[in-house]
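S.K.:
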Amino acid sequence: MKDISTTSYRSSRNAAYPKKRPSPSGISKYHKTSPLGPPPVTRRTPYSAKAALLQQRQRQAQITALRRQGIFLEEEYREDICFYMHEMERYTMSSSQSMDQQPEIRWHMRPCLVDFLVEIHFTFRLRPETLYLTLNIVDRYVSRRIVYIKHYQLVGCAALWIAAKFEDAKERVPTVQELAQICRDTYDESAFIQMEGHVLQTIQWTLGHPTAEAWLRLMCCEPSVEEERVQHVARFLMEITLFYREFIKYPPSSIALGALTLALFLCGKPRRIFEETEECLEIVDYLDNRLAKHVNDLSETLVKKYSYAFYSKAATFVVQYYLQGGRFVRQSFITLPMTPTRPSTSGASTPMSATTSISDLSDDFPLTPTSPSSFSPEPFSSSFLSEDDKENLPTTFEPVINKQRTEVPPDHFLPHDFVAFGRPALHHLNGSPRMTAVS
Numbered sequence: 000m001k002d003i004s005t006t007s008y009r010s011s012r013n014a015a016y017p018k019k020r021p022s023p024s025g026i027s028k029y030h031k032t033s034p035l036g037p038p039p040v041t042r043r044t045p046y047s048a049k050a051a052l053l054q055q056r057q058r059q060a061q062i063t064a065l066r067r068q069g070i071f072l073e074e075e076y077r078e079d080i081c082f083y084m085h086e087m088e089r090y091t092m093s094s095s096q097s098m099d100q101q102p103e104i105r106w107h108m109r110p111c112l113v114d115f116l117v118e119i120h121f122t123f124r125l126r127p128e129t130l131y132l133t134l135n136i137v138d139r140y141v142s143r144r145i146v147y148i149k150h151y152q153l154v155g156c157a158a159l160w161i162a163a164k165f166e167d168a169k170e171r172v173p174t175v176q177e178l179a180q181i182c183r184d185t186y187d188e189s190a191f192i193q194m195e196g197h198v199l200q201t202i203q204w205t206l207g208h209p210t211a212e213a214w215l216r217l218m219c220c221e222p223s224v225e226e227e228r229v230q231h232v233a234r235f236l237m238e239i240t241l242f243y244r245e246f247i248k249y250p251p252s253s254i255a256l257g258a259l260t261l262a263l264f265l266c267g268k269p270r271r272i273f274e275e276t277e278e279c280l281e282i283v284d285y286l287d288n289r290l291a292k293h294v295n296d297l298s299e300t301l302v303k304k305y306s307y308a309f310y311s312k313a314a315t316f317v318v319q320y321y322l323q324g325g326r327f328v329r330q331s332f333i334t335l336p337m338t339p340t341r342p343s344t345s346g347a348s349t350p351m352s353a354t355t356s357i358s359d360l361s362d363d364f365p366l367t368p369t370s371p372s373s374f375s376p377e378p379f380s381s382s383f384l385s386e387d388d389k390e391n392l393p394t395t396f397e398p399v400i401n402k403q404r405t406e407v408p409p410d411h412f413l414p415h416d417f418v419a420f421g422r423p424a425l426h427h428l429n430g431s432p433r434m435t436a437v438s
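FYI, the numbering for the sequence shown is 0 to 438, going by numbering that gives the first Met the number 0.
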């Protein structure tokens with residue numbers, strides 16, 4: 000038998016407190032029964048509303064660009080992730096001083112090995128991070144172990160195999176049979192497996208190296224998304240740094256920032272002056288000097304790789320720029336000092352300048368001379384020139400840097416067939432049957 004008192008209590012309670020129905024849009028409705036009245040509505044000016052909308056669209060474009068590149072970086076974890084990447088790049092750095100002590104390997108052999116690895120990397124369509132991780136593994140191994148010339152190519156192939164397994168999809172990783180065929184059966188298949196284990200033990204299985212490619216992707220999406228051509232030129236410049244010794248001592252974050260700085264300058268885009276560091280400008284100077292003096296010595300494989308339209312013909316653009324005598328120019332901010340003036344003691348009082356002290360107001364010191372009102376700080380001002388001199392003044396300012404080389408380079412020096420290469424291959428690295436079959 001039902002309890003009548005309980006039933007009547009529930010019905011009276013429901014009548015006194017009616018059940019609220021959730022809003023279909025998921026937003027609780029405002030009830031006019033509030034004694035405080037409706038909440039105040041913050042009004043925005045058209046300019047502020049437009050600026051907020053533009054900022055929201057830019058941020059959405061940055062997130063979309065990041066996700067298109069495979070980077071899912073949450074805002075609240077961004078600083079922690081960048082801090083961890085900085086720590087890991089310092090932990091996984093190699094030592095060029097230790098590499099100098101190798102008994103057989105010399106630095107002039109490095110471009111041959113890198114050229115060989117770039118060709119294999121491009122043939123198998125591996126990710127850009129794989130190439131940088133490969134060279135990092137090679138440098139760390141060579142920094143800790145003695146490597147002979149006959150094993151140098153084997154170390155490079157084993158490092159590429161490890162990096163591809165770590166970064167790329169399974170179907171893109173080259174097999175042991177393919178690596179042996181690329182090396183023209185110089186090494187047995189068991190040698191690759193044995194070298195792989197030895198390399199991993201030497202580097203203590205540490206593969207989480209933040210590459211320059213990973214840093215570049217973050218920099219190109221924050222604070223604004225850079226153009227695709229700028230990114231391709233920066234990638235071309237970053238891969239140039241893999242060939243030479245002077246860039247090994249710099250961390251990948253500085254390499255990426257230096258390449259991006261030079262790419263922005265070459266493409267005529269505004270630079271990130273407030274983000275540039277001393278290491279970044281040193282890298283830019285190294286790249287600029289090498290391209291200006293040895294542009295004909297660039298890797299033929301690298302130039303052909305970045306001469307495709309897929310990479311916005313970045314190599315063709317950079318080589319033409321330096322063949323025409325272009326150079327990088329640092330921007331310098333010159334602040335002219337201001338002459339302090341003595342405030343007048345009679346009449347209306349004026350505030351003292353920042354360099355005027357109390358002792359300047361005493362009679363023991365002479366008055367600071369003030370410039371006449373007709374003085375012009377310009378050395379070629381009209382008040383200091385005669386009528387004959389005014390006719391000889393140039394109408395526009397012409398920088399001296401444009402007058403260095405005005406002649407047009409000959410036709411046989413222009414890409415693609417302008418580069419003269421005479422670098423001998425290391426153990427016949429180039430021109431493998433795998434390359435011919437794929438290409």
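Beta carbons are placed, not taken as given, at the ideal position from N, Cα and C, and that holds for glycine. Small disclaimer: the values here were computed from a predicted structure and weren't measured.
Could you check which residue in T122, R43, V117 has the C-alpha nearest to that of L130?
M.R.: Reading the sequence shown from its first residue, position 131 is the one you call residue 130. That would be V117, whose Cα lies nearest to the Cα of L130.
S.K.: Among the candidates R143, V113, M108, whose CA atom is the shortest distance from the CA of E299?
M.R.: Counting from 1 along the sequence shown, the entry for residue 299 is found at position 300. Checked all of R143, V113, M108; the closest Cα to E299 is V113.
S.K.: Give me, in chain order, the residues of the same chain whose beta-carbon lies closer than 6 Å to that of D138; leave out the 5 immediate sequence neighbours on both sides.
M.R.: For this step, residue 138 is matched to residue 139 along the sequence shown. So the list reads S93, once near-sequence residues are dropped.
S.K.: Rank L286, K248, M108, I247 by C-alpha distance to the C-alpha of L265 and give the top, closest one.
M.R.: The residue labelled residue 265 in the question sits at position 266 within the sequence shown. The shortest C-alpha separation from L265 is found at L286.
S.K.: So, helix, strand or coil for M92, using DSSP?
M.R.: Reading the sequence shown from its first residue, position 93 is the one you call residue 92. The answer is coil: DSSP assigns M92 none of H, G, I, E or B.
S.K.: At the level of alpha carbons, what is the spacing between Y147 and V294?
M.R.: Here residue 147 refers to the residue found at position 148 of the sequence shown. Here residue 294 refers to the residue found at position 295 of the sequence shown. Taking the straight line joining both Cα atoms gives about 30 Å.
S.K.: What separation, rounded to the nearest whole angstrom, lies between the Cα atoms of Q96 and I145?
M.R.: Stepping through the sequence shown from its first residue, residue 96 is reached at position 97. Stepping through the sequence shown from its first residue, residue 145 is reached at position 146. So the alpha carbons of these two residues sit roughly 13 Å apart.
S.K.: Apart from the five residues on each side of it in sequence, which residues of its chain come closer than 6 Å, Cβ to Cβ, to V407?
M.R.: As a first step, residue 407 is located in the sequence shown; it is residue number 408 there, counting from the start. Unreliable placement is indicated for V407, whose pLDDT of 47 sits below 50; the coordinate value is still reported in the next sentence. Correct list: empty, nothing qualifies.
S.K.: Measure how close the beta-carbons of I161 and L199 come, nearest whole angstrom, since I'm counting them as under 8 Å.
M.R.: Residue 161 sits at position 162 when you count from the first residue of the sequence shown. Residue 199 sits at position 200 when you count from the first residue of the sequence shown. Yes, I161 and L199 are in contact; Cβ-Cβ is about 7 Å, under 8 Å.
S.K.: State yes or no: is the C-beta of A262 within less than 8 Å of the C-beta of V229?
M.R.: What you label residue 262 is simply residue 263 of the sequence shown in a count that begins at 1. What you label residue 229 is simply residue 230 of the sequence shown in a count that begins at 1. Contact: yes.
S.K.: Going by DSSP in three states, W214 sits in which element: helix, strand or coil?
M.R.: Within the sequence shown, numbered from 1, the residue matching residue 214 stands at position 215. Correct three-state label for W214: helix.
S.K.: Quick check: the segment 203-211 against the segment 273-289, are at least 3 beta-carbon pairs closer than 8 Å?
M.R.: Taking 8 Å as the limit for Cβ pairs, the verdict is that the segment 203-211 does not touch the segment 273-289.
S.K.: How would you write the range of the alpha helix (DSSP H) that R139 sits in, first residue to last?
M.R.: Taking the first residue of the sequence shown as 1, we reach residue 139 at position 140. Per DSSP, R139 belongs to the alpha helix (DSSP H) from 127-143.
S.K.: Suppose you measure from the CA of A472 to the CA of L256; what does that come to, to the nearest Å?
M.R.: Nothing can be reported for residue 472: it is not among the residues displayed for the chain, which extend from 0 to 438.
S.K.: Which of helix, strand or coil does DSSP assign to H208?
M.R.: The residue labelled residue 208 in the question sits at position 209 within the sequence shown. Residue state, collapsed to three classes: coil.
S.K.: From P209, S47, I282, Q54, pick the residue whose C-alpha is nearest to that of Y83; which is it?
M.R.: Taking the sequence shown and counting its residues from 1, the one referred to as residue 83 is at position 84. Checking every option, the nearest Cα to that of Y83 belongs to P209.
S.K.: Distance check for A179 and T185, CA to CA, integer angstroms please.
M.R.: As a first step, residue 185 is located in the sequence shown; it is residue number 186 there, counting from the start. As a first step, residue 179 is located in the sequence shown; it is residue number 180 there, counting from the start. Taking the straight line joining both Cα atoms gives about 7 Å.
S.K.: For E188 versus E128, is the C-beta spacing smaller than 8 Å?
M.R.: The sequence position of residue 188 within the sequence shown is 189, counting from 1. The sequence position of residue 128 within the sequence shown is 129, counting from 1. In this structure, E128 does not lie closer than 8 Å to E188 by Cβ.
S.K.: Here's a check: name, in chain order, each residue in its chain whose Cβ is nearer than 8 Å to the Cβ of G155, leaving out the five neighbours to either side.
M.R.: By 1-based counting over the sequence shown, the position of residue 155 is 156. Here the set comprises L112, F115, L116, T133, V137.
S.K.: Reducing DSSP to helix, strand and coil, say where A190 ends up.
M.R.: Position 191 of the sequence shown, counted from the start, is the residue given in the question as residue 190. If DSSP states are grouped into helix, strand and coil, A190 belongs with the helices.
S.K.: Can T260 and E278 be called in contact, C-beta distance under 8 Å?
M.R.: Counting from 1 along the sequence shown, the entry for residue 260 is found at position 261. Counting from 1 along the sequence shown, the entry for residue 278 is found at position 279. For T260 and E278, no; Cβs fall outside 8 Å.
S.K.: Give me the Cα-Cα distance between A305 and S47, rounded to the nearest whole angstrom.
M.R.: For this step, residue 305 is matched to residue 306 along the sequence shown. For this step, residue 47 is matched to residue 48 along the sequence shown. A quick correction: the sequence has Tyr, not Ala, at residue 305. Looking at the two C-alpha atoms, the distance is approximately 43 Å.
S.K.: Return the residue from the list R105, A50, H231, M87 that minimises the CA-CA distance to K312.
M.R.: Counting from one through the sequence shown, the residue named residue 312 turns up at place 313. Considering only alpha carbons, the answer is H231.
S.K.: Taking only three categories from DSSP, how would you classify F235?
M.R.: Here residue 235 refers to the residue found at position 236 when the sequence shown is read from its first residue. F235 falls in the helix class under three-state DSSP.
S.K.: Does A291 come within less than 8 Å of chain D when only Cβ atoms are used?
M.R.: The displayed structure is made up of one protein chain only, and chain D is not part of it.
S.K.: With a cut-off of 8 Å on the beta carbons, I'd call E88 and S252 a contact; round off their distance for me.
M.R.: Position 89 of the sequence shown, counting from 1, holds the residue named residue 88. Position 253 of the sequence shown, counting from 1, holds the residue named residue 252. Confirmed, about 6 Å.
S.K.: Are there 16 or more other CB atoms within 10 angstroms of the CB of T91, so buried, or fewer, so exposed?
M.R.: What you label residue 91 is simply residue 92 of the sequence shown in a count that begins at 1. T91 is buried by the Cβ-count criterion.
S.K.: So L217 and R234 are in contact, right, with Cβ under 8 Å, and what is the actual spacing, rounded?
M.R.: To locate residue 217, count along the sequence shown from 1; it is residue 218. To locate residue 234, count along the sequence shown from 1; it is residue 235. Between R234 and L217 the Cβ distance is about 14 Å, and since that is not below 8 Å, they are no contact.
S.K.: Return the CA-CA distance between C182 and V328, expressed in angstroms with no decimal places.
M.R.: As a working mapping, residue 182 is identified with position 183 in the sequence shown. As a working mapping, residue 328 is identified with position 329 in the sequence shown. Looking at the two C-alpha atoms, the distance is approximately 44 Å.
S.K.: Please classify Q55 as buried or exposed, where buried requires at least 16 neighbouring CB atoms within 10 angstroms.
M.R.: Counting from one through the sequence shown, the residue named residue 55 turns up at place 56. It is exposed - the Cβ of Q55 has fewer than 16 other Cβ atoms within 10 Å.
S.K.: Where does T260 sit, in a helix, a strand or coil, going by DSSP?
M.R.: Counting from one through the sequence shown, the residue named residue 260 turns up at place 261. Helix.
S.K.: Alpha carbon to alpha carbon, what distance is there between L125 and C219?
M.R.: Here residue 219 refers to the residue found at position 220 when the sequence shown is read from its first residue. Here residue 125 refers to the residue found at position 126 when the sequence shown is read from its first residue. Approximately 21 Å, taken between the alpha carbons.
S.K.: May I have the straight-line CA-CA distance separating V318 from R43, to the nearest angstrom?
M.R.: By one-based count along the sequence shown, residue 318 stands at place 319. By one-based count along the sequence shown, residue 43 stands at place 44. Each residue's Cα considered, the two are about 51 Å apart.
S.K.: Buried or exposed: where does F309 fall if 16 or more other Cβ atoms within 10 Å of its Cβ makes it buried?
M.R.: Reading the sequence shown from its first residue, position 310 is the one you call residue 309. Answer is exposed; the Cβ neighbour count stays below 16.
S.K.: Mind listing, in chain order, the continuous alpha helix (DSSP H) runs of no fewer than 4 residues lying wholly within the segment 92-124?
M.R.: Here the runs fully enclosed are 95-99, 109-122.
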